[in-house]
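Undergrad: My questions will all concern the structure given below.
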Amino acid sequence: MTHTLHRQGSLESLGQDFVVFAMPSSGLTSAGSKPKLDKVFEILARHNPVNIGDSKGGSRFSLGGADKVKEIIVENELVHGVFRSREQLIAVLKDLKEADLGLCVTVSGLMHNVEECCDQVGLTPHTIVNSLGIWGKTELLPDKKVQEVATMCGHGLVSFNLILALAGQVKRKELSPEKAGELLAKPCICGVFNPVRAAELIQEFAD
Amino acid sequence: MKIDQEKCVGCGSCLPYCPANAIKMAEATACIELDECVECGVCRRVAVCPVDAIEQQPLEWPRAVRAIYSDPLNIHKETGLAGRGTEEIKTNDVTGRFKRGFVGIALEIGRPGIGARLRELEKLSMALARYGVEFEPKNPLTNLINPVTGELPPEIRDEKVLSAIIEFAVPESELLAVLEVVRKTGATLETVFSVDVACRAGLEVRWPMLATLREAKTYFRPNAKINVGLGRPLVE
């Protein structure tokens, strides 16, 4: 959730990976936020996200369906959706701007893409957070491809071993890459994991 | 977490799901190495056990600290939020927490996927305290850090977490000096950590912090997280 900015990969791959978050500020604008968050959910769901979820309850893949995410949204919540294209992002931002809910909206993605989409919708970026990468004992880290999949879960709940195990099954043609992507999305409880991008990465891995 | 040895059928389905690599096969059943388990709850939540043998044992202090920083479904009393950090930039358009002229810094120790004993985090918090940073009061870790020495309570130093985040802000003019402290101390850690930096849009240059990083030839990734300014009432 918090660290969707630490996603790794090629520019081409990261260019098809946007996470849109909407939330009130706890204690400042959280009172009465439930109907606004429901509206955000409707907007996100309307634009065919590859994942959708909330920070306190679960995701489409951990709960077993987007409708179940809608049922568990509560006051003072963070709702988010994962999208694959700039066109989707522009449409989502346009709808959120028109809805004028007053909730805070944040987007993770390639910086220049997000800025250009904001420009097209007439939004002025307010604050940015950038990753300076991984420091410390980096020799402990696994293969770069494993990291690219694992870092799509902001809380680190998608294990390196699961990625390797599923990549092995895909390589042996026991599992489709798409199914592997969905299985990998399940441990990511809040739903910022991009299963379609994971399937692409797993396929590359298996090749 | 623990696995009921009477129920476990030894299928091994749970093994690859553990982010801490703490589940092992012991003869005919799977067992959790308690010292390695970070209490994130993944093994139980994904429900791959065919006989429902995985259980959450009662967690007492100091072991409870593992779940506090590893299981994102924990709601922190300090923040009212789930997860390990704060609202950080996500609500900055209405909180104004990160002001122009300042840079927010977050160090997530153990991320990605390696995990950390809290004594590793303490190496950084002590170095930063010596430098004189003020830790972010709303971060769920800050109430455990001695603000003067940066020390953690001794009883939690050997506890293992998936990751935990140190957050603070410094004047933009000190960004590079603080990063140097982090770099030097970080080289002594027995784990990895992710580093991020945050700033407000400037009046003349959109992202002044990035200009500073470019000038110092400090690497930053091409992807970012941007608050698009839709929150109301807006802090200009």
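Order-wise, the sequence lines are chains A and B.
Read in our numbering, the first sequence has 24 at position 24, and its numbers run on one by one without any break.
For our numbering, count along the second sequence from 1 and bump the result up by 207.
Think of the CB as a built atom: it goes at the ideal place given N, C-alpha and C, for glycine as much as any other residue.
In this text the structure is predicted, and so the values were computed from the model without any measurement.
I'd like to know whether the C-beta of B/K432 is nearer than 8 Å to at least one C-beta of chain A.
TA: Yes, contact with chain A.
Undergrad: Distance, Cα to Cα, B/C244 vs B/S380?
TA: Those two C-alpha atoms are separated by around 41 Å.
Undergrad: When the distance is taken between beta carbons, is B/E246 closer than 8 Å to B/D278?
TA: Going by C-beta atoms, B/D278 is nearer than 8 Å to B/E246.
Undergrad: Let's test the definition: count the other Cβ atoms within 10 Å of the Cβ of B/K367 and tell me whether it reaches 16, buried, or not, exposed.
TA: Label assigned to B/K367: buried.
Undergrad: Compare the C-beta of B/F342 against all C-beta atoms of chain A and say whether one is closer than 8 Å.
TA: No, no contact with chain A.
Undergrad: Assign B/M232 to one of three DSSP states: helix, strand, or coil.
TA: Strand.
Undergrad: Which residues in chain A sit within 7 Å of B/T349, going by Cβ to Cβ distance?
TA: Chain A residues near B/T349: none, gap ~15 Å exceeds 7 Å.
Undergrad: Does the beta-carbon of A/H112 have 16 or more other beta-carbons within 10 angstroms, so that it is buried, or is it exposed?
TA: Under this definition A/H112 is an exposed residue.
Undergrad: Following the continuous beta strand (DSSP E) through B/N434, name the residue where it begins and the one where it ends.
TA: Its beta strand (DSSP E) spans residues 430-434.
Undergrad: What is the residue span of the alpha helix (DSSP H) that B/R251 lies within?
TA: Where B/R251 is concerned, the enclosing alpha helix (DSSP H) stretches over 249-252.
Undergrad: Thinking C-alpha only, which one of A/K144, A/D100, A/C104 is nearest A/A22?
TA: Measuring from the Cα of A/A22, the nearest candidate turns out to be A/C104.
Undergrad: Tell me where the alpha helix (DSSP H) around A/H80 begins and ends.
TA: Looking at the DSSP string, A/H80 is not in any alpha helix (DSSP H); the run it does join, the beta strand (DSSP E), is 79-83.
Undergrad: Hey, A/V20 and A/G102 are a contact pair by Cβ (cut 8 Å); roughly how many whole angstroms apart?
TA: About 16 Å separates the two Cβ atoms, so there is no contact after all.
Undergrad: With 8 Å as the threshold, decide whether the Cβ of B/V412 is near any Cβ in chain A.
TA: Chain A contact via Cβ: absent.
Undergrad: Within the continuous beta strand (DSSP E) that includes A/P195, where are the two ends?
TA: Element bounds for A/P195: not the beta strand (DSSP E) but the alpha helix (DSSP H), 195-206.
Undergrad: Buried or exposed: where does B/P273 fall if 16 or more other Cβ atoms within 10 Å of its Cβ makes it buried?
TA: Correcting the residue type first, residue 273 of chain B is Arg in the shown sequence and not Pro. The residue is buried, with at least 16 neighbouring Cβ atoms inside 10 Å.
Undergrad: Helix or strand or just coil, what does DSSP make of B/A376?
TA: Here B/A376 sits in strand by DSSP.
Undergrad: Sort out for me which residues DSSP pairs B/D403 with in a bridge.
TA: Paired residues: A/S131, B/A313.
Undergrad: Do you know offhand how far A/G64's Cα is from B/A334's?
TA: So the two alpha carbons sit approximately 45 Å from each other.
Undergrad: Closest to A/H6 by CA distance: which of A/Q169, A/G156, A/V170 is it?
TA: The option with the nearest alpha carbon to A/H6 is A/G156.
Undergrad: Using a C-beta to C-beta distance shorter than 9 Å, which residues of chain B count as neighbours of A/N51?
TA: By Cβ distance, chain B contributes nothing, its closest Cβ being about 15 Å from A/N51, past 9 Å.
Undergrad: Measuring alpha carbon to alpha carbon, tell me which residue in B/L325, B/K214, B/A394 is nearest B/A260.
TA: Cα-wise, what sits closest to B/A260 is B/K214.
Undergrad: What residues from the stretch 66-86 of chain A come within 8 Å of chain B, judged by C-beta to C-beta, listed N to C?
TA: Going along the stretch 66-86 of chain A in chain order, one finds N76, L78 with a Cβ nearer than 8 Å to chain B.
Undergrad: Mark B/V253 as exposed unless 16 or more other C-beta atoms lie within 10 angstroms of its C-beta, in which case mark it buried.
TA: Buried, since its Cβ has 16 or more Cβ neighbours within 10 Å.
Undergrad: Between the Cα of B/G322 and the Cα atoms of B/A408, B/A376, B/D242, B/G409, which residue gives the shortest distance?
TA: With distances taken between Cα atoms, B/G322 lies closest to B/D242.
Undergrad: How many angstroms separate the CA atom of B/I444 from the CA atom of B/K209?
TA: Absent from the model: residue 444 of chain B. The displayed extent of chain B is 208 to 443, so no value can be given.
Undergrad: Please classify A/I73 as buried or exposed, where buried requires at least 16 other C-beta atoms within 10 Å of its C-beta.
TA: Label assigned to A/I73: buried.
Undergrad: Taking contact to mean at least 3 C-beta pairs separated by less than 8 Å, is the stretch 166-175 of chain A in contact with the stretch 136-143 of chain A?
TA: No contact exists between the stretch 166-175 of chain A and the stretch 136-143 of chain A.
Undergrad: What residues match up with A/V109 in a beta bridge as DSSP calls it?
TA: Residue 109 of chain A is actually Gly in this sequence, not Val. Answer by DSSP bridge pairing, in chain order: B/A431.
Undergrad: Whose CA, out of B/L437, B/V402, B/R364, lies closest to the CA of A/T4?
TA: Measuring from the Cα of A/T4, the nearest candidate turns out to be B/V402.
Undergrad: Going by DSSP, what residue range makes up the beta strand (DSSP E) through A/N51?
TA: 51-54 is the span of the beta strand (DSSP E), which, as asked, contains A/N51.
Undergrad: Which value, in whole angstroms, describes the spacing of the CA atoms of A/N11 and B/V435?
TA: Asn is not the amino acid found at residue 11 of chain A; the sequence shown has Leu there. Whole-angstrom Cα-Cα distance: 22 Å.
Undergrad: Is B/T356 near the ligand ZN, judged by its Cβ being under 7 Å from some heavy atom?
TA: The model on display carries no ligand, and the ligand ZN is accordingly not part of it.
Undergrad: Check the Cβ of A/V105 against every Cβ in chain B and list those closer than 7 Å, keeping chain order.
TA: Simply V435, L437.
Undergrad: With a threshold of 8 Å, are at least 3 pairs of Cβ atoms found where one atom belongs to the stretch 118-128 of chain A and the other to the stretch 182-200 of chain A?
TA: No, because fewer than three Cβ pairs between the stretch 118-128 of chain A and the stretch 182-200 of chain A fall closer than 8 Å, the two stretches do not touch.
Undergrad: Examine chain A for any beta-carbon lying closer than 8 Å to the beta-carbon of B/R252, and answer yes or no.
TA: Chain A, which has a Cβ nearer than 8 Å to the Cβ of B/R252, makes this yes.
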